[in-house]
Amino acid sequence: MKISVNVQLLNALVYYRIKKDWVRIMRQGLFITFEGVDGCGKTTQIKLFDEYLRNLGCETLLTREPGAKGLGEKLREILLNYDGNVSSKCESFLFLADRAQHVDCIIKPALEKGIFVLCDRHTDSTIAYQGYGRGVDIEELKNLNNLATGELKPDLTIVFDVDIETSAKRVGKEKDRMESAGIEFFERVRKGFLEIAKQEPERVKVIDSTQSIESIHEKVLELVNGLK
Ligand SMILES: Nc1ncnc2c1ncn2[C@@H]1O[C@H](COP(=O)(O)OP(=O)(O)OP(=O)(O)O)[C@@H](O)[C@H]1O
Ligand SMILES: [Mg+2]
């Protein structure tokens, strides 16, 4: 694969960190979240970006929600595979419980060591799926997200946007509990992610993810390179 942004990317990151907050640089790394509907390509892109950073010699933590490690894995099992009735509020709290544990025990300690943290789904998935998708009060969810994260915000969030046909083709027949929720639900969730990006244009950037894996990867590099 052709890689064009490399040394510039590192320079830009260092510059960004120096400019943004000197004290933070000394203590914290960079936190980037990958978001979007099922099958949009988050995991594909986060792995490529992680590999890219590692090749540059950066220390990274590639993690995910729900279910990073330990307790999170048990919560993920319930969230994705439990086949009984799960109320929308219960679902929200399970995701938030997973997030609180993840941020406190995994993400924050890594950032404090100056490690690049790349997270596959985070706070915006709760707003998009449980808020826009299931109809749980969005302002309440924002407050609960803040409680779970201790107000930690990603330095950059990338939403990988695809239509339902593309998503369905990529997800295939083996759907988990969340992926089986139907077309209208999918459309509300997709709209939710786009709405979040409109509301927070500084933090949240959207990439048209119907393109090839390579060109999306190039766009990810451009976005990180452009961090100011
Ligand atoms: N740009 C792309 N073009 C074509 N196929 C792609 C593209 N990106 C990813 N895929 C393929 O689509 C499938 C789903 O991709 P991936 O697992 O990365 O999506 P995801 O967003 O992580 O999905 P999920 O939300 O279910 O975890 C994979 O088989 C992957 O190889
Ligand atoms: Mg994935």
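Be aware that the sequence shown starts at -8, since it is given in this note's numbering, and climbs by one per residue.
No residue lacks a Cβ here, since even glycine has one placed at the ideal position from N, Cα and C.
Near ligand 2, residues with a Cβ at less than 6 Å from any of the ligand's heavy atoms are K33, T34, D111; the list follows chain order.
One Cα belongs to G61, the other to K144, and the distance between them is close to 23 Å.
With fewer than 16 other beta carbons inside 10 angstroms of its own, I174 counts as exposed. In the DSSP annotation of this structure, the continuous segment of the beta strand (DSSP E) that includes L147 starts and ends at 147 to 152. When secondary structure is reduced to three states using DSSP, I37 falls in the helix class. By the Cβ rule, the stretch 90 to 109 counts as touching the stretch 17 to 35, because three or more pairs are nearer than 8 Å.
Taking C-beta separations shorter than 6 Å and ignoring five residues to either side along the sequence, the partners of G30 in its chain run S158, R161, V162, following chain order. D152 has its Cβ no nearer than 7 Å to any heavy atom of ligand 1. The beta carbon of L44 lies closer than 7 Å to those of T51, F107 in the same chain, with the five residues before and after it left out. Residues of the same chain with a CB within less than 7 Å of the CB of G183, apart from the 5 flanking positions on each side, are I118, A119, G122, Y123, G124 in chain order. Its Cα nearest to that of L147, the residue V197 stands out among V197, L138, L85. Contact between N136 and T114 is confirmed by a C-beta separation of about 4 Å, below the 8 Å threshold. Ranked by how close their Cα comes to the Cα of G105, the residues G20, I204, D199 have G20 in first place.
With a threshold of 7 Å, the Cβ atom of D29 counts as near ligand 1, since some heavy atom of the ligand is closer than that. In this structure, the CA atom of E213 is about 27 Å from the CA atom of V94. Not one heavy atom of ligand 1 sits closer than 7 Å to the Cβ of I106. Cβ neighbours of D41 within its own chain (closer than 6 Å, five residues either side excluded): T51, L53, L109.
Counted as a single uninterrupted DSSP element, the stretch harbouring R125 is not any alpha helix (DSSP H), since DSSP gives it neither H nor E. Taking 3 residues as the minimum length, the stretch 54 to 89 contains no beta strand (DSSP E) run wholly inside it.
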